[in-house]
Amino acid sequence: MSRATSPETGRRYGIQRVCGAWQLPRSTWYAQTAAMRPDWPVPLKRGPKTVVSDAELADAIRGVLATSPFVGEGHRKVWAKLRHAGTRCGKPRVLRVMREHGLLAPQRGGGYRGPRAHDGTITTAAPDLMWGTDFTTTVTVNEGQAAVFVCVDHCTSELIGVHASGKATRWEALEPVKQGLREHYGGLRKAVAQGLELRHDNGTQYLAHDFQREIAFLGIASSPSFVRAPEGNGCAERIIRTLKEQLLWVRSFATIEELRLALREWQRLYNDTWMVEKHQHRSPAQVRRDLRAAALPVVQAA
Numbered sequence: 071m072s073r074a075t076s077p078e079t080g081r082r083y084g085i086q087r088v089c090g091a092w093q094l095p096r097s098t099w100y101a102q103t104a105a106m107r108p109d110w111p112v113p114l115k116r117g118p119k120t121v122v123s124d125a126e127l128a129d130a131i132r133g134v135l136a137t138s139p140f141v142g143e144g145h146r147k148v149w150a151k152l153r154h155a156g157t158r159c160g161k162p163r164v165l166r167v168m169r170e171h172g173l174l175a176p177q178r179g180g181g182y183r184g185p186r187a188h189d190g191t192i193t194t195a196a197p198d199l200m201w202g203t204d205f206t207t208t209v210t211v212n213e214g215q216a217a218v219f220v221c222v223d224h225c226t227s228e229l230i231g232v233h234a235s236g237k238a239t240r241w242e243a244l245e246p247v248k249q250g251l252r253e254h255y256g257g258l259r260k261a262v263a264q265g266l267e268l269r270h271d272n273g274t275q276y277l278a279h280d281f282q283r284e285i286a287f288l289g290i291a292s293s294p295s296f297v298r299a300p301e302g303n304g305c306a307e308r309i310i311r312t313l314k315e316q317l318l319w320v321r322s323f324a325t326i327e328e329l330r331l332a333l334r335e336w337q338r339l340y341n342d343t344w345m346v347e348k349h350q351h352r353s354p355a356q357v358r359r360d361l362r363a364a365a366l367p368v369v370q371a372a
């Protein structure tokens, strides 16, 4: 239409006159015309040019996912591992590239669970002030159902102790706590863990008189969570979810003893290599070492 000639003036109408009559911005006309040209170059990424292209970054991400001992890691942990490997890139860019190449971990949406029973703060500023304990169940091939008990530090997110048993009794529930006492307090004796609190739910194992008397003898203060409020024991609940996603749901075990050995090996792997975002993507063992070093008195040379 813009190239048509007016019968009255003998001149072309022009793009400006035609777009004005149609109430169409000229920028839209130019953009659509350019898009229909077969020789028009593919638009490049806007902004500053990055050292690593998207294709190279996607290959690096695949390498991180392939070499990781864990499964289902999201873009934040991948971004942190890329930085540790020397590949500098933005977290939103890693998310975009993983989404475009189908590398994101599957997620389930949560639903409304009612009003909060507390303010959501259950972590501590130093290790060995509060431990959380809970248990879940799994199935072995030859021996049937097994109970898996865990104990976690509320500061460092360390897996303090882990135990598997064919029975979910109060005595089995004490085992991961005792493992932690042997590791961090040097043994089991009266009042050895004075000042330590133990967060647990209201299960029969943890409210049993034998369980309560045993932890009281060891100097541990009982700290039960609210009834029907699992977020009150959120640290233990979260590590159980990680344990399921990384071990219990991806491997099968013939016997409870085989499961027990796998749990102890996974405990070492988790404490040494698992990245905790709230601790700037440091491992739980590294967090404990850093906090211990920061608490040591500074000795000045004479």
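Residues in the sequence shown are numbered consecutively from 71, following the numbering used here. Every residue gets a Cβ at the ideal spot worked out from N, C-alpha and C, and that includes glycine.
Asked                                                                                                                                                 : Found
Taking a contact to mean a Cβ-Cβ separation below 9 Å, would you say CYS225 touches ALA196 in this structure?                                         : yes
Strictly by DSSP, which residues pair up with THR226?                                                                                                 : According to DSSP, which records beta bridges pairwise, THR226 is partnered with nothing at all.
Can you list, in chain order, the residues of its chain whose CB lies under 6 Å from that of GLY231, leaving out five sequence neighbours each side?  : CYS221, PRO246, GLN249, GLY250
For ARG352, which of VAL88, GLU228, PHE287 has the nearest alpha-carbon?                                                                              : GLU228
So for HIS171, helix, strand or coil by DSSP?                                                                                                         : coil
Span of the beta strand (DSSP E) holding PRO246?                                                                                                      : Note, PRO246: premise wrong, no beta strand (DSSP E); alpha helix (DSSP H) at 240 to 254.
How close, in whole Å, do the beta carbons of PHE287 and ALA243 come, if the pair is a contact with beta carbons under 8 Å?                           : Not really, about 15 Å apart at Cβ, beyond 8 Å.
For the beta strand (DSSP E) containing TRP201, name the first residue and the last one.                                                              : 200 to 210
Can you tell me whether DSSP reads GLN215 as helix, strand or coil?                                                                                   : strand
Measuring only the C-alpha atoms, how far is VAL112 from ARG178?                                                                                      : 37 Å
Jot down the residue ranges of each uninterrupted beta strand (DSSP E) in the region 288 to 326, minimum 3 residues, whole runs only, in chain order. : 291 to 294
Quick check on GLU143: buried or exposed, where buried means 16 or more other Cβ atoms within 10 Å of its Cβ?                                         : buried
Go ahead and pull the three-state DSSP assignment for LEU268.                                                                                         : strand
DSSP three-state label for ARG82, please.                                                                                                             : strand
Checking the sheet assignment: what are the DSSP bridge partners for GLY231?                                                                          : CYS221
What's the gap between the Cα of GLY202 and the Cα of GLY236?                                                                                         : 22 Å
Since ASP280 contacts ARG240 with CB under 8 Å, what's their CB separation in whole angstroms?                                                        : 5 Å
When you compare only the Cα positions, how much space is there between ALA372 and ARG358?                                                            : Unreliable placement is indicated for ALA372, whose pLDDT of 40 sits below 50; the coordinate value is still reported in the next sentence. Going by the C-alpha atoms only, they are around 30 Å apart.
Around the Cβ of MET106, are there at least 16 other Cβ atoms within 10 angstroms (buried) or fewer (exposed)?                                        : exposed
Cβ of LEU127 within 9 Å of Cβ of THR208?                                                                                                              : no
Tell me which same chain residues have a C-beta within less than 7 Å of the C-beta of ASP342, skipping the five on either side of it?                 : SER353, ALA355
Give the range of the alpha helix (DSSP H) segment to which ILE192 is assigned.                                                                       : No alpha helix (DSSP H) contains ILE192, which DSSP labels as neither H nor E.
When DSSP labels each residue in this structure, what does VAL346 get in the three-state scheme?                                                      : strand
Beta-carbon within less than 6 Å of TYR340's beta-carbon, same chain only, minus the 5 sequence neighbours each way: which residues are those?        : LEU229
Residues bridged to ARG352 by DSSP?                                                                                                                   : VAL346
Would you report the Cα separation of ALA125 and VAL148, rounded to the nearest angstrom?                                                             : 16 Å
Does ASN303 pass the burial test, meaning 16 or more other C-beta atoms within 10 Å, or should it be called exposed?                                  : buried
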